[in-house]
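Read the structure below first, then the notes.
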Amino acid sequence: MTLALLVGGLLSYTFIKNGYFPVAKIGGKFISYNTVKENVDVSKRIYSNGLAGSSPEMDLIFKRGNESLLFRNVFESIITNEIIKSTATDDLLAKAKKEIKSSFDDKSVASIASLVQQVYGWDVSKFTERILEPQAILDVLTKEKGESFNDWLDSSKKKADVSIWFVPFEWKDGRLESRK
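Position one of the sequence shown corresponds to residue 2 (the numbering used here), numbered consecutively onward.
Rendered as structure tokens:
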């Protein structure tokens, strides 16, 4: 019994230390701290390699080292992507997957694998899940909703069932805000 408790404690400590604990739940999908942190690290790497362009907002986040603002922006983006994905119909998801397939055949996926690894530090499946799929769903939805897309997105974000734990933010009226 003592051994089981010790092993359980060590596993729990390892998972927590490495960020494998949920910080949000959107609908039925959990988002881990590690997922947010990985995306923050990728954002830093892309910016530092000059691949993200430049703007006053980005300079504020990256050059001044505003880690909290970067974490918040990435976290909100992940939540928004998950809200969009969770509200998408099966037909819309199929259209998005078809759009990805038409843009990337097996040959092109193989040729970008090393670039994805170098820039993002991810394999192609993680890149597809975190970058390509959300963008394809967003593109399809934007085409379908037309000018009403922003109103639809605002409404969806306000109605979303978002729970947040262990980080100093809360989901309020469709936005991520600092906890007071």
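Cβ coordinates follow ideal geometry from the N, Cα and C atoms, glycine included.
Contact check between the stretch 125-136 and the stretch 147-155: fewer than three CB pairs, one atom from each, fall below 8 Å, which does not count as touching.
Straight-line measurement puts the Cα of residue 70 at about 16 Å from the Cα of residue 181. Note that the stretch 72-79 touches the stretch 21-41; at least 3 beta-carbon pairs, one per stretch, sit closer than 8 Å.
The closest CA to that of residue 143, considering only 27, 68, 96 and 175, is found on 96.
Here the C-alpha atom of residue 101 lies approximately 15 Å from the C-alpha atom of residue 86. Distance from the CA atom of residue 177 to the CA atom of residue 3, rounded to whole angstroms, is 42 Å. Taking all protein chains shown into account, residue 172 has 16 or more neighbouring C-beta atoms within 10 Å of its C-beta and is therefore buried.
Taking a contact to require three or more Cβ pairs closer than 8 Å, the stretch 151-169 and the stretch 21-28 qualify as touching. Within the stretch 59-142, the runs of alpha helix (DSSP H) at least 4 residues long that lie entirely inside it are, in chain order, 68-88, 91-104, 107-121 and 125-128. In the structure shown, residue 180 adopts coil according to DSSP, grouped into three states. Judged by DSSP in its simplified three-state form, residue 150 adopts helix.
In the three-state reduction of the DSSP assignment, residue 163 falls in the strand class.
When only Cα atoms are considered, residue 46 and residue 158 end up about 29 Å apart. Across the structure, residue 141 and residue 93 are spaced so that their CA atoms are roughly 7 Å apart. Beta-bridge partners of residue 39 (DSSP): none assigned.
At the C-beta level, residue 79 and residue 32 come within 7 Å of one another.
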